[in-house]
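Reading through the structure tokens given below for one structure.
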Amino acid sequence: MVAQVSSTEEFLLLAQIAEQNQEALSVLYDRYARVLYAVAFKILGSVEEAEEAVLDVFSQVWKTAGRYDAKRSRVDAWLFMLVRSRSLDRLRVLQRLGKVVKSSTEAAKIMPTAQISDPEADVLINERRDRVLTAMQQLPEEQRRVLELAYYQGLTHLEVATLTGKSLGTVKTRIRLGLSKLRQVLDPLD
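Numbering follows my numbering, in which position 150 of the sequence shown is assigned residue number 162; successive positions increment by one, without gaps.
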């Protein structure tokens, strides 16, 4: 639960944050992070996504504290509005991403329309495609999602990061780990 504090005290915290006072940000974070996390989790239903939303809010507070207008809303109301907005944005991205992943997986299952003159090559291609799809299903959802976006949709790592709302480093790590796991699953079969 959020401790009762005066609006003046919170306004002073934001003024200190606007001057890049990390201690003031820490005090504000300690005061509100739990309850903001609860709001984000209720909307997103994911620990990871809720944590990201809360971190995004405090990152925005750090950058925009100087523009806070006490006449428009109380600090707590402003923070709740920010976390709700961030959470809904993330939810929309996740829903869009789910549609993209589903369509890319379905597209990968479609048989190629070009006729292959060599029946043996046709069988090998179909077997490899089935093995890759089976191996992809064994990956954790986060790794499978970024691999499908990068390889089935042809997106760059930066585009995947933008679409998923994850940092570029996180996307690259998930792609690297996913490819490594795919190699482990597929290599024994070759």
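Heads up, the beta-carbon is just placed ideally off N, CA and C, and yes, glycines get one too.
Check	Outcome
Measuring alpha carbon to alpha carbon, tell me which residue in GLY177, ARG43, LEU189, GLU160 is nearest GLU61.	GLY177
Using the three-state DSSP reduction, which class does GLY78 fall into: helix, strand or coil?	helix
Does the separation of the CB atoms of ALA147 and ILE187 fall below 7 angstroms?	no
Is the beta carbon of VAL66 less than 7 angstroms from the beta carbon of TYR80?	no
Quick one: residues in its chain with C-beta nearer than 7 angstroms to the C-beta of TYR41, no 5 flanking neighbours on either side, listed in chain order?	PHE70
Return the chain-ordered list of same chain residues with a C-beta closer than 6 angstroms to the C-beta of GLU63, the five sequence neighbours on each side being excluded.	none
Which residue comes first and which comes last in the alpha helix (DSSP H) that contains LEU26?	19-30
Report the CB separation of VAL105 from LEU175 in whole angstroms; it is logged as a contact under 8 angstroms.	7 angstroms
Could you give the residue range of the alpha helix (DSSP H) that holds PHE196?	Note that residue 196 is Gln in the sequence shown here, rather than Phe. Here the alpha helix (DSSP H) through GLN196 covers 180-198.
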